[in-house]
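Here's the structure we're looking at; comments come further down.
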Amino acid sequence: MTLVDDSGSVRLDLWLWAARFFKTRALAKQAIETGKVEVGGQRAKPARGVRVGDALRVQRMEEVFELDVLMLSVVRGPAAIAQTLYRESEASRAARELARAQRAAERAGYHPPETKPDKRARRLIRALGDIDAL
Numbered sequence: 254m255t256l257v258d259d260s261g262s263v264r265l266d267l268w269l270w271a272a273r274f275f276k277t278r279a280l281a282k283q284a285i286e287t288g289k290v291e292v293g294g295q296r297a298k299p300a301r302g303v304r305v306g307d308a309l310r311v312q313r314m315e316e317v318f319e320l321d322v323l324m325l326s327v328v329r330g331p332a333a334i335a336q337t338l339y340r341e342s343e344a345s346r347a348a349r350e351l352a353r354a355q356r357a358a359e360r361a362g363y364h365p366p367e368t369k370p371d372k373r374a375r376r377l378i379r380a381l382g383d384i385d386a387l
């Protein structure tokens, strides 16, 4: 994998492709142009230079990644090496896992109640609890 020295910079769309966030540079460019990628809290252009230490926010479908750039690359390599190009914040990772679990629960048929149960529903819940106790 060809790495660029720490003082250099790499095009944003090229780095996102090399870090395996998007399958093609065209998809990376489209995501940047539609505002799904931010550098330092601001929208960026595909040709913007990414430097070591930059903070990125990447939205890919329902997932949102908050990253710090650790290394630069202009070549797409194996996934294990691509993951060394960045560090995801723990808060971002926890939020993604929580959202993924919630989507899985929704697909399984669970829908959290929109309101508290009313008096009749509370009595039914209590009655069900009494049946289980037997």
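Its first residue numbered 254, the sequence shown is counted upward by one per residue in the working numbering.
Note that beta-carbon positions come from the ideal geometry of N, C-alpha and C, so glycine has one too.
Just so we're clear, the structure is a prediction, and the values are computed from it rather than from any experiment.
How big is the Cα-Cα spacing for Arg-310 and Ala-271?
16 angstroms
Who pairs with Gly-302 in a beta bridge, going by DSSP?
Arg-264
Pick from Gly-306, Arg-313, Ile-285, Lys-372 that is closest to Ala-204, judged by C-alpha positions:
With the chain represented from 254 up to 387, any question about residue 204 goes unanswered, as that position is not in the structure.
Kindly indicate which residue of Gln-312, Ala-380, Gln-336, Glu-319 has the alpha-carbon position closest to the one of Ser-326.
Gln-336
Quick one: what's Phe-275 bridged to in DSSP?
Paired residue(s): none; Phe-275 is not in a bridge.
Go through its chain and collect everything with a Cβ distance to Glu-319's Cβ below 6 angstroms, but skip five positions before and after it.
Arg-310, Ser-342, Ser-345
Using the Cβ count rule (16 or more neighbours within 10 Å means buried), how would you classify Leu-387?
Note that Leu-387 scores a pLDDT of 46, beneath 50, so its modelled location is shaky; the value from the coordinates is reported in the next line. Exposed.
Distance, Cα to Cα, Leu-351 vs Gly-261?
36 angstroms
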